[in-house]
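Protein chains: 2
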Amino acid sequence: MSPSTVRPAVDRLKALAHPARLRILALLREEELCVCQVREVLGMATSTVSEHLAGLRRADLLEERREGRWVYYRLKSPDGTKAFLDGLWSLLEGIPQVAQDRRACAEVLRRPVGTVCRPGPQPRPERARRAAAPR
Amino acid sequence: MSPSTVRPAVDRLKALAHPARLRILALLREEELCVCQVREVLGMATSTVSEHLAGLRRADLLEERREGRWVYYRLKSPDGTKAFLDGLWSLLEGIPQVAQDRRACAEVLRRPVGTVCRPGPQPRPERARRAAAPR
DNA sequence: GGCTCATTTCGTCATTCTCCGAAATATTGT
DNA sequence: ACAATATTTCGGAGAATGACGAAATGAGCC
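One line per chain: the protein sequences are G and C, in this order.
Residues in the first sequence are numbered consecutively from -18, following the numbering used here.
Residues in the second sequence are numbered consecutively from -18, following the numbering used here.
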């Protein structure tokens, strides 16, 4: 009773209960993204974005994948959360900010290679594949 | 963009992202309860319980009903949250604390009338009807 | 090694949350 | 009106959270 067995569920909910993190999750529902791409869409300091991503990851809602200098995050549906996440998507349906972020993200992904993450001389993030059905 | 359109969804999630409030919601899924009954199960100060209930109510997840000196709270599913709440229930499935609270609550409801809320001379809370399907 | 850049971690400050007892409010009964 | 009881609101102390720049870390390239 001390560490309270509701903790895992609460931690997951806490991870979602923040505007930035909720927007991030909505973005990652569409495609995997690296930190600087997310920063571009949200318009917050890189360290802040990184911390939010870490929070979602700690809650086991995201997983990361390193590619060169970039770290890509993508959605993860741990056991027992599938139905919950489906419910969450319905909660996000029709939220203007979410739709707007989606457009901003598409814009970012359309930018000439090297203008998001600085024009690094090397393995530019050339892609970010679709990962889930848009709706 | 200033007040952020994700606010309503975030507020709802924030309301849930707390052990006490999550436990309360799980309890109220079964039946409506008055403040002192909830206090009995959670074992926190009355004022604390009242504040948590108020929080869930502000998030539009509960509605209240006054009966004599007692205020009964019950679950409410505002538009667009039905699917989300269904997902939430699945998240609560199998959490020991939730099951334990359920038992403790049954115990409280079984107590001889007047031993939970003090033996008031009058319209004792004689009932607390089933309000939703257990699972 | 040294340079560059993406990301994470750290230090700090401001804000918000959470809890509880005390005081205020509401309702009923005498 | 007064007493009794359930609930809400208030005040404040302590903890947790969130934002950002600065410093540290990691990867690739010369």
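Yeah, the Cβ is synthetic: ideal placement off N, Cα and C, and Gly gets one too.
Between residue i and residue j, which are expected to be in contact by the criterion C-beta below 8 Å, what is the C-beta distance as a whole number of angstroms?
i	j	result
residue -2/G	residue 64/C	Residue -2/G to residue 64/C, Cβ: 18 Å. No contact.
residue 53/C	residue 15/C	5 Å
residue 73/C	residue 79/C	5 Å
Can you pull the chain G residues whose beta carbon is under 8 Å from the beta carbon of residue i, in chain order?
i	result
residue 77/C	-14
residue 67/C	64 and 68
residue 9/C	Result: empty, since nearest Cβ-Cβ is about 15 Å, beyond 8 Å.
Using a C-beta cutoff of 7 Å, does residue i count as contacting chain C?
i	result
residue 87/G	no
residue 35/G	no
Return the CA-CA distance between residue i and residue j, expressed in angstroms with no decimal places.
i	j	result
residue 23/G	residue 42/C	29 Å
residue 0/G	residue 6/C	23 Å
residue -7/C	residue 35/C	13 Å
residue 8/C	residue 57/C	13 Å
residue 31/C	residue 92/C	22 Å
residue 83/G	residue -5/G	23 Å
residue 33/G	residue 62/C	25 Å
residue 29/C	residue -14/G	20 Å
residue -10/G	residue 39/G	12 Å
residue -12/G	residue 10/C	19 Å
residue 51/G	residue 13/C	51 Å
residue 67/G	residue 96/C	43 Å
residue 3/C	residue 76/C	11 Å
residue 55/C	residue 69/G	22 Å
residue 205/C	residue 19/G	Since the first residue of chain C shown is -18 and the last is 116, residue 205/C is not available in this structure.
residue 21/C	residue 85/C	9 Å
residue 17/G	residue 47/G	13 Å
residue 45/C	residue 59/C	14 Å
residue 81/G	residue 25/C	43 Å
residue 49/G	residue 87/C	57 Å
residue 37/G	residue 37/C	24 Å
Identify whether residue i lies in helix, strand or coil by the three-state DSSP scheme.
i	result
residue 109/C	At residue 109/C the pLDDT is 49, less than 50, meaning the model places this residue with poor confidence; the figure from the coordinates comes in the next sentence. If DSSP states are grouped into helix, strand and coil, residue 109/C belongs with coil.
residue -13/G	coil
residue 98/G	coil
residue 42/C	coil
residue 11/C	helix
residue 83/G	helix
residue 74/G	coil
residue 50/G	coil
residue 91/C	helix
residue 104/G	Unreliable placement is indicated for residue 104/G, whose pLDDT of 47 sits below 50; the coordinate value is still reported in the next sentence. Residue 104/G: coil per DSSP, three-state reduction.
Return no unless some Cβ of chain G is closer than 7 Å to the Cβ of residue i.
i	result
residue 71/C	yes
residue 3/C	yes
Residue i versus chain C: which residues are under 8 Å apart at the beta carbon?
i	result
residue 6/G	Those do not exist, as residue 6/G stays about 11 Å from chain C at its closest Cβ, beyond 8 Å.
residue 0/G	-15, -13, -12 and -9
Residue i touches chain C at which residues, Cβ-Cβ below 9 Å?
i	result
residue 24/G	None at all; the shortest Cβ gap to chain C is about 10 Å.
residue 61/G	71, 72, 74 and 75
Could you tell me if the beta carbon of residue i falls within a distance shorter than 6 Å of some heavy atom in the ligand ADP?
i	result
residue 13/G	In the structure shown, the ligand ADP is absent, as is every other ligand, since no ligand is present at all.
Mind listing the chain G neighbours of residue i? Cutoff is C-beta to C-beta under 7 Å, in chain order.
i	result
residue -3/C	-6
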